[in-house]
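Numbered according to this note's numbering, the sequence shown spans residues 307 to 436.
Where is the CB? At the ideal position from N, CA and C, for every residue including glycine.
Below: the structure, in structure tokens.
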Amino acid sequence: MQSKLTEDHYYVDSAGTAAYHIGNAPDRRSIAVAQQNGLDISTQSARQFKVSDFDAFDYIYAMDQSNYTDIISLARNTDDIEKVTLFLEANSSIQNKNMPDPYYGDVGGFEYVFTLINETCDLLVKKPGV
307 MQSKLTEDHY YVDSAGTAAY HIGNAPDRRS IAVAQQNGLD ISTQSARQFK VSDFDAFDYI
367 YAMDQSNYTD IISLARNTDD IEKVTLFLEA NSSIQNKNMP DPYYGDVGGF EYVFTLINET
427 CDLLVKKPGV
């Protein structure tokens with residue numbers, strides 16, 4: 307999710323659609339890959355998407371179709387729905403717009419997902435109107 311604060315500054319947050327990870331730290335492999343790329347995510351904790359996020363954020367990006375459907379099911383109106391898109395829609399070089407889930411694989415899956423996220427974020431910040 308992303309909310310534009312000013313012309314050059316953004317507030318970015320992340321939330322899951324299920325409740326079973328609330329309060330948990332990121333997977334140790336995610337922490338390691340982020341650290342290798344100069345990011346410290348070790349103090350982050352999981353939270354669940356809530357209806358008020360439609361008010362707090364200008365753009366809401368779902369990582370896969372299942373999460374997209376879960377988020378849309380909470381929408382109160384068409385304005386809420388119009389804020390939601392699949393994250394990888396912004397990356398025309400990727401055919402499958404569902405972010406792969408690296409959880410059941412090795413660290414290579416986490417590295418691949420990090421690369422996809424990083425590349426797509428670079429595209430998003432260059433997109434007019436975002």
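{"Item": "Other residues of its chain near Pro434: CB distance less than 8 Å, five sequence neighbours each side excluded", "Value": "none"}
{"Item": "Pairwise C-alpha distance: Thr426 and Asp376", "Value": "22 Å"}
{"Item": "Coil, strand or helix - Leu392 by DSSP", "Value": "strand"}
{"Item": "Cut-off 7 Å between Cβ atoms - residues of its own chain near Ile328, not counting five sequence neighbours on either side", "Value": "Ala352, Arg353 and Gln354"}
{"Item": "Inter-residue Cα distance where the pair is Val318 and Asn373", "Value": "18 Å"}
{"Item": "Residues bridged to Ala368 [DSSP beta-bridge criterion]", "Value": "Leu392"}
{"Item": "DSSP bridge partner residues for Gln354 (one or two, in chain order)", "Value": "Gly322"}
{"Item": "Cβ separation of Leu429 and Asn397, assumed to be a contact under 8 Å, to the nearest whole Å", "Value": "6 Å"}
{"Item": "Nearest to Asn383 (by Cα), restricted to the options Ser358, Pro332, Asp333 and Tyr418", "Value": "Ser358"}
{"Item": "Status (buried if at least 16 other CB within 10 Å, exposed otherwise) for Arg335", "Value": "buried"}
{"Item": "Beta carbon of Val339 nearer than 9 Å to that of Phe393", "Value": "no"}
{"Item": "Nearest to Ile400 (by Cα), restricted to the options Gly415, Tyr326, Asp386 and Ile423", "Value": "Ile423"}
{"Item": "Selection from Phe363, Asp361, Ile366 and Tyr409 that minimises the alpha carbon distance to Pro332", "Value": "Tyr409"}
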